[in-house]
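Q: First residue of the sequence shown? That's 10 in this note's numbering, and the numbers climb one at a time after it. Please see the structure below; I have some questions.
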Amino acid sequence: MIPKQVLVNVQSAGTAEIIDPFLIHMKQPPKKADFVSDTSKLLRARWTIDRMEFSGGSRLDLKISLVHRKARNKAFVTIQVVGADNTDQGTGSCGLQS
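Spelled out as structure tokens, the structure:
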């Protein structure tokens with residue numbers, strides 16, 4: 010369930026716009042991050058996918074958190090399905106663009 014790509018467009022201190030495969034699939038526009046922290050060592054962002062459609066027709070929100078460790082060029086993503094017991098996690102490499 011962890012997306013292969015997430016685009017975090019840091020716009021200014023404390024704000025970012027997110028594009029991920031869930032938003033594209035649900036035909037939702039890019040999201041403003043609920044939380045952003047961008048330091049020399051870490052980029053942290055949290056956002057919510059509204060009413061993600063699952064098999065069986067249920068629609069639940071996804072809360073997604075991304076932590077990018079800049080020195081190691083690695084990201085850690087956590088996805089929580091609101092109303093479900095499970096949480097998915099994954100790690101991957103990053104590419105930065107200016």
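Ideal placement from N, C-alpha and C gives every residue a C-beta, glycine not left out. Please read these numbers as outputs of a predicted model, since none were measured by experiment.
1. Here's the rule: buried if 16 or more other CB atoms are within 10 angstroms of the residue's CB, otherwise exposed. What is residue 84?
2. Looking at C-alpha atoms only, which residue of 97, 44, 10, 17 is the closest neighbour of residue 23?
3. Which partner residues does residue 47 have in the DSSP bridge list?
4. Pull up the distance between the alpha-carbon of residue 61 and that of residue 31, whole angstroms please.
5. Can you tell me the Cα-Cα spacing of residue 34 and residue 100, whole angstroms?
6. Tell me, please, which residues DSSP counts as bridged to residue 18.
A: Short version:
1. As a first step, residue 84 must be located in the sequence shown, where it is residue number 75. When all chains shown are included, residue 84 counts as buried.
2. Here residue 23 refers to the residue found at position 14 when the sequence shown is read from its first residue. Among 97, 44, 10, 17, the Cα nearest to that of residue 23 belongs to 44.
3. As a working mapping, residue 47 is identified with position 38 in the sequence shown. Looking at the DSSP assignment, residue 47 forms a beta bridge with 52.
4. Position 52 of the sequence shown, counted from the first residue, corresponds to residue 61. Position 22 of the sequence shown, counted from the first residue, corresponds to residue 31. Computed Cα separation, rounded: 8 angstroms.
5. On the sequence shown, position 25 is the one that residue 34 refers to. On the sequence shown, position 91 is the one that residue 100 refers to. Their backbone Cα atoms lie some 22 angstroms apart in a straight line.
6. Start at 1 with the first residue of the sequence shown, and residue 18 comes out as number 9. The partner list for residue 18 (beta bridge, DSSP) reads 26.
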